[in-house]
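Accompanying notes for the structure given below.
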Amino acid sequence: MLRLNKVLNAIPGEFYTKFEAHNPGHSSKDRIAAYIIDKAEKEGKLKPGDTIIETTSGNTGFSVAMACVIKGYKCILAVSNKSSKDKISLLKTMGAEVHVCPSNVASTDPRSYYEVAKRIHQEIPNSIYINQYFNSLNIDAHYLTTGPEIWNQTQGNITHLVACSGTGGTISGSARYLKEQNPGIKIIGIDAFGSVIQKYHETGEFDQEEIYPYRIEGLGKNLIPSATDFEVIDRYVKVSDEDSAFAAREIAKKEGMFVGYTSGAALHGVRILAEEGEFDENSKVVVIFPDHGSRYMSKIYSDEWMAEQGFTTPEEKKPTPKPIK
Ligand code: PMP
Numbered sequence: 001m002l003r004l005n006k007v008l009n010a011i012p013g014e015f016y017t018k019f020e021a022h023n024p025g026h027s028s029k030d031r032i033a034a035y036i037i038d039k040a041e042k043e044g045k046l047k048p049g050d051t052i053i054e055t056t057s058g059n060t061g062f063s064v065a066m067a068c069v070i071k072g073y074k075c076i077l078a079v080s081n082k083s084s085k086d087k088i089s090l091l092k093t094m095g096a097e098v099h100v101c102p103s104n105v106a107s108t109d110p111r112s113y114y115e116v117a118k119r120i121h122q123e124i125p126n127s128i129y130i131n132q133y134f135n136s137l138n139i140d141a142h143y144l145t146t147g148p149e150i151w152n153q154t155q156g157n158i159t160h161l162v163a164c165s166g167t168g169g170t171i172s173g174s175a176r177y178l179k180e181q182n183p184g185i186k187i188i189g190i191d192a193f194g195s196v197i198q199k200y201h202e203t204g205e206f207d208q209e210e211i212y213p214y215r216i217e218g219l220g221k222n223l224i225p226s227a228t229d230f231e232v233i234d235r236y237v238k239v240s241d242e243d244s245a246f247a248a249r250e251i252a253k254k255e256g257m258f259v260g261y262t263s264g265a266a267l268h269g270v271r272i273l274a275e276e277g278e279f280d281e282n283s284k285v286v287v288i289f290p291d292h293g294s295r296y297m298s299k300i301y302s303d304e305w306m307a308e309q310g311f312t313t314p315e316e317k318k319p320t321p322k323p324i325k
């Protein structure tokens, strides 16, 4: 847990980040990989030489691949073509077999990374499919680790948790634990424009109209994951690709923390909440920064990529200063 000293200075309250980039696999996903694999071993569902299969935007894949190297399993990953090239190369470097699948198809399409992983699991005997979007152990892993750590590290002095929601495991498991300690803690999820999650939380409806392509990886969804416990989440805020990218760059420059794309999304979400008057001087807010910036060198940390996306620099957004005579 680190204090955010600069980026949220203008906002009342104290802001801390649960900084997940320093896990061995550089993201929060080490927690679910370790927990689910250990449990499968204890239950006799895995023996050396077996295969572990997963659908992943990259981070879970890295954590699973790392565990497979150490424990002697084969690793097969179905990855969306939205995942950065860095992430895909990393997975291959860690010995995984990687299947790159189109991101712009329905989750039920046979080409989707969900369906590809399911098919491979059916075809390979002695394999387990982690299935992070629909596995309640994803929630349990954070209930047993992230939640208690946040509670202990803040000594129970926390008013808000702000976390990105992809599978929803991080926010749901942490929230479940924190609300058991203090039901008054407000839990706020960050969702992406182009994802159905916020609308589903508000209305209980799966609204196809909400779905369109976006660039942030690991945040938001085009389906409703059962690894999200919507009951323990108070509300969601949506963020854009561009704001999130600039916010991540700002965290690196102002706080010296080299974080991933969704950390920028979380920071920008906090700013939207602040504008709505969510925080006051008594607020003690924990924001989860899920992964490390090194996975995004060819994306948000590349000036060329930013320009290609049409993301204008904040300087360009400002009116041109008049020359001093
Ligand atoms: N940020 C990144 C970079 C991720 O890879 C993920 C996981 N998909 C998340 C945030 C969201 O975490 P969760 O799946 O636990 O909701």
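Heads up, the sequence shown stops at 325 in UniProt numbering, and the numbers go up one at a time, no gaps. Ideal Cβ positions, reconstructed from N, Cα and C, are used throughout, including at glycine.
Run through the DSSP bridge pairs and tell me what residue i is partnered with.
i, result
"Leu-101", "Note that residue 101 is Cys in the sequence shown here, rather than Leu. For Cys-101, which the question treats as bridged, DSSP gives the partners Ser-80."
"Cys-164", "Ile-190"
"Val-285", "Phe-15 and His-160"
"Ile-53", "Ile-76 and Tyr-129"
"Tyr-236", "Gly-189"
"Leu-2", "Thr-17"
"Val-270", "In the DSSP output, where bridge partners are listed per residue, Val-270 has none listed."
"Val-259", "His-292"
Run through DSSP, which three-state label would residue i get?
i, result
"Arg-295", "helix"
"Arg-249", "helix"
"Glu-14", "strand"
"Val-7", "coil"
"Lys-47", "coil"
"Val-196", "coil"
"residue 388", "Because the chain here runs from 1 to 325, residue 388 falls outside it and cannot be looked at."
"Lys-325", "Reliability of the predicted coordinates at Lys-325 is poor, the pLDDT of 44 falling under 50, and the value obtained from them is presented with this limitation in mind. Lys-325 falls in the coil class under three-state DSSP."
"Leu-219", "coil"
Considering Cα atoms alone, identify which of the options is closest to residue i.
i, options, result
"Glu-149", "Glu-43, Ile-288, Gly-58 and Asn-9", "Ile-288"
"Met-66", "Gly-264, Gln-309, Lys-29 and Lys-42", "Lys-29"
"Thr-170", "Pro-110, Ser-226 and Glu-275", "Ser-226"
"Phe-246", "Arg-295, Glu-14, Thr-312 and Ile-52", "Thr-312"
"Gly-58", "Lys-253, Cys-75 and Pro-48", "Cys-75"
"Gly-218", "Arg-271, Ile-70, Thr-55 and His-142", "Thr-55"
"Ser-244", "Cys-68, Gly-256, Ala-163 and Ile-300", "Ile-300"
Under 6 Å: does the beta carbon of residue i sit that close to some heavy atom of ligand 1?
i, result
"Pro-290", "yes"
"Asn-59", "yes"
"Thr-17", "no"
"Gly-168", "yes"
"Thr-262", "yes"
"Gly-25", "no"
"Thr-218", "The displayed chain sequence assigns Gly, not Thr, to residue 218. The answer is yes for Gly-218."
"Ser-165", "yes"
Exercise for review: Evaluate contact between the region 98-106 and the region 72-87, counting only Cβ atoms and requiring at least three cross-stretch pairs below 8 Å.
Suggested key: Yes: at least three Cβ pairs fall under 8 Å.
Check your understanding: With contact counted as at least three CB pairs below 8 Å, one residue from each stretch, are the region 131-144 and the region 188-207 in contact?
Key -> Cβ pair count under 8 Å is below three, so no.
Practice item. Count the CB pairs spanning the region 278-295 and the region 248-263 that are closer than 8 Å, and state whether there are at least three. Key: At 8 Å Cβ cutoff, the stretches touch.
Check your understanding: Is the region 85-92 in contact with the region 113-120, if contact means three or more CB pairs nearer than 8 Å?
Key -> The region 85-92 vs the region 113-120: no contact.
Review point. Counting pairs of Cβ atoms below 8 Å between the region 231-239 and the region 265-279, do you hit three or more?
Key: When C-beta atoms of the region 231-239 are compared with those of the region 265-279, three or more pairs fall below 8 Å, so the two segments count as touching.
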